[in-house]
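Sequential numbering of the sequence shown, starting at 655, is according to this note's numbering. In this text, a Cβ means the ideal position worked out from N, Cα and C, and glycines have one as well. Quick caveat: nothing in here was measured; it's all calculated off a predicted structure. Let me begin by presenting the structure, written as structure tokens, before commenting on it.
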Amino acid sequence: MIAEFIDANELGLALERMADVLSEEELPLTAGERADMLALVDRMQMGDRVPRALSFCPDR
655 MIAEFIDANE
665 LGLALERMAD
675 VLSEEELPLT
685 AGERADMLAL
695 VDRMQMGDRV
705 PRALSFCPDR
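What follows is the structure in structure tokens.
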């Protein structure tokens with residue numbers, strides 16, 4: 655589904671879905687991975703859905 659969002663140029667939805675998948679599994683993220691995703695949120699002027707989802711992912 656994420657690839658389909660990217661193919662349709664729905665990059666915000668792709669990022670939200672990626673964060674949802676990561677948080678559902680509580681997958682650990684490195685500081686760099688988390689920072690990259692949050693930088694995209696900031697650059698794309700998105701709301702707090704992605705940061706909130708990533709809060710469920712422990713540090714790796």
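* **Residues near GLY666 by beta carbon distance below 7 angstroms, same chain, minus five either side** => Cβ within range, chain order: MET698 and MET700.
* Asked: What three-state label does DSSP hand ASP702 in the structure shown?
  -> Residue state, collapsed to three classes: coil.
* Own chain, CB closer than 8 angstroms to MET672, minus 5 neighbours either side, in chain order -> ILE656 and MET691.
* DSSP three-state assignment for LEU681, whether helix, strand or coil -> Three-state result, LEU681: coil.
* Backbone CA spacing between PHE659 and ALA668 [nearest angstrom] -> It is roughly 5 angstroms from the alpha-carbon of PHE659 to the alpha-carbon of ALA668.
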